[in-house]
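Comments concern the structure below.
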Amino acid sequence: GIQVEQSPPDLILQEGANSTLRCNFSDSVNNLQWFHQNPWGQLINLFYIPSGTKQNGRLSATTVATERYSLLYISSSQTTDSGVYFCAVPVRSGYALNFGKGTSLLVTP
Amino acid sequence: GAVVSQHPSWVICKSGTSVKIECRSLDFQATTMFWYRQFPKQSLMLMATSNEGSKATYEQGVEKDKFLINHASLTLSTLTVTSAHPEDSSFYICSAPDGRGSYEQYFGPGTRLTVT
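The following block contains the structure:
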């Protein structure tokens, strides 16, 4: 299956700082999603981004499919951004997802 | 749109009993749904693919006789943990694509199972 690696594993930021999370994957993909898992466990869809760049408020993401990586940018971080950020790619061809180990983000006041 | 619900949100059961978890697509039909498991401080691991009208397919290492999956309709999949043991305690999450042609997955809020 397609392997996925995320970095850094942990990140501590002060409120207002910017950050970049990285996701490397081992093969071409037809799907790549970024999620935020909140403290209650709910996975929030951030981006569906198999290629290109998207922005949503303070968050943006870029996937360079030819080089097999994706970046999630968080600007002007807030304490509510704390949680675990997952990148996921297909397990095989199709819909099921293989998740990276995540980046645990803590934003302090 | 693309809302997935799960019931119950959390459940505590005694060792040896069975527990059923429901996953529903609320505003779309899902011929395929997926079940994942997440242990504390770990990532999500795919357990099985639930197919409406046919048998589920299980990932390697997942016991199909222990984790029974039934995809009863285009909006409902159930996962039954049979003869539960403490090591089955975990966070179970389902997902489905919204059927609009993309591969984007939407996830339920999860069910936290504790087996005592």
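In the order they appear, the protein sequences are chains A and B.
To convert, count from 1 in the first sequence and add 493; that's the numbering used here.
To convert, count from 1 in the second sequence and add 1265; that's the numbering used here.
Note that beta-carbon positions come from the ideal geometry of N, C-alpha and C, so glycine has one too.
Among the options, the one whose alpha carbon lies nearest that of residue i
i, options, result
"F540 (chain A)", "A:G534, A:W527 and A:R561", "A:W527"
"T1340 (chain B)", "B:G1375, B:I1277 and B:S1360", "B:S1360"
"H1336 (chain B)", "B:S1315, B:S1354 and B:S1348", "B:S1315"
"S519 (chain A)", "A:V497, A:T601, A:N511 and A:G509", "A:V497"
"D1363 (chain B)", "B:I1277, B:K1279, B:L1311 and B:Q1294", "B:Q1294"
"I495 (chain A)", "A:S597, A:I537, A:L536 and A:C580", "A:C580"
"Q548 (chain A)", "A:A558, A:N517, A:S568 and A:G576", "A:S568"
"Q1303 (chain B)", "B:Y1357, B:T1347, B:K1320 and B:T1381", "B:Y1357"
"L1269 (chain B)", "A:G576, A:E508, A:Q535 and A:I542", "Going by the sequence as given, residue 1269 (chain B) is Val instead of Leu. The option with the nearest alpha carbon to V1269 (chain B) is A:Q535."
"L1327 (chain B)", "B:M1310, B:T1297 and B:A1267", "The residue you asked about is not Leu; residue 1327 (chain B) is Val in the sequence shown. Among B:M1310, B:T1297 and B:A1267, the Cα nearest to that of V1327 (chain B) is on B:M1310."
"L590 (chain A)", "A:P543, A:N511, A:A558 and A:S570", "A:P543"
"P501 (chain A)", "A:N531, A:N517, A:E560 and A:A554", "A:N517"
"R585 (chain A)", "A:T556, A:S570 and A:L525", "A:L525"
"Q1325 (chain B)", "B:E1317, B:M1312 and B:L1333", "B:M1312"
"K1285 (chain B)", "B:Q1271, B:D1292 and B:M1298", "B:Q1271"
"E560 (chain A)", "A:T572, A:G545, A:S570 and A:D574", "A:G545"
"P1374 (chain B)", "B:T1296, B:S1290, B:H1350 and B:A1349", "B:S1290"
Within chain B, the residues that residue i reaches when beta carbons sit closer than 7 angstroms
i, result
"K594 (chain A)", "S1308"
"Q526 (chain A)", "E1369 and Q1370"
"V584 (chain A)", "L1311"
DSSP beta-bridge partners of residue i
i, result
"F528 (chain A)", "A:N538 and A:F579"
"I567 (chain A)", "A:S512 and A:L552"
"Q1303 (chain B)", "B:L1309 and B:F1356"
"R561 (chain A)", "None, per the DSSP bridge assignment."
"F592 (chain A)", "A:A581"
"I1334 (chain B)", "B:L1344"
"E1287 (chain B)", "B:H1272 and B:T1343"
"V600 (chain A)", "A:L506"
"S500 (chain A)", "A:R515"
"I1277 (chain B)", "B:T1379"
Whole-angstrom C-beta distance between residue j and residue i, which should lie under 8 angstroms
i, j, result
"R1377 (chain B)", "W1300 (chain B)", "Not confirmed; about 14 angstroms, so no contact."
"V1346 (chain B)", "S1283 (chain B)", "6 angstroms"
"Y578 (chain A)", "L514 (chain A)", "6 angstroms"
"A558 (chain A)", "L565 (chain A)", "A558 (chain A) to L565 (chain A), Cβ: 15 angstroms. No contact."
"G598 (chain A)", "G576 (chain A)", "In the sequence on display, residue 598 (chain A) carries Leu and not Gly. So it is a contact: roughly 6 angstroms between Cβ atoms."
"S570 (chain A)", "N511 (chain A)", "7 angstroms"
"Q499 (chain A)", "T596 (chain A)", "5 angstroms"
"N538 (chain A)", "Y1371 (chain B)", "7 angstroms"
"C1288 (chain B)", "S1367 (chain B)", "About 20 angstroms; that fails the 8 angstroms criterion."
Contact list for residue i against chain A, beta-carbon separation under 9 angstroms
i, result
"G1375 (chain B)", "W533, G534, Q535 and L536"
"T1297 (chain B)", "G587, Y588 and A589"
Cross-chain neighbours of residue i in chain B, by beta carbon under 9 angstroms
i, result
"Y566 (chain A)", "Within 9 angstroms Cβ-Cβ: nothing; Y566 (chain A) doesn't reach chain B, min ~20 angstroms."
Chain A contact residues for residue i, given Cβ-Cβ distances below 7 angstroms
i, result
"T1340 (chain B)", "Under the 7 angstroms cutoff, chain A gives no residues; its nearest Cβ is about 17 angstroms from T1340 (chain B)."
"D1356 (chain B)", "What sits at residue 1356 (chain B) in the sequence shown is Phe, not Asp. In chain order: G534."
"T1314 (chain B)", "A589"
Contact set between residue i and chain B, taken where Cβ atoms lie within less than 8 angstroms
i, result
"Y578 (chain A)", "Near Y578 (chain A) there are no residues of chain B at all, since even the closest Cβ is about 11 angstroms away, more than 8 angstroms."
"N523 (chain A)", "Y1368"
Listed by chain order, chain A residues near residue i by CB distance under 8 angstroms
i, result
"P1362 (chain B)", "Y588"
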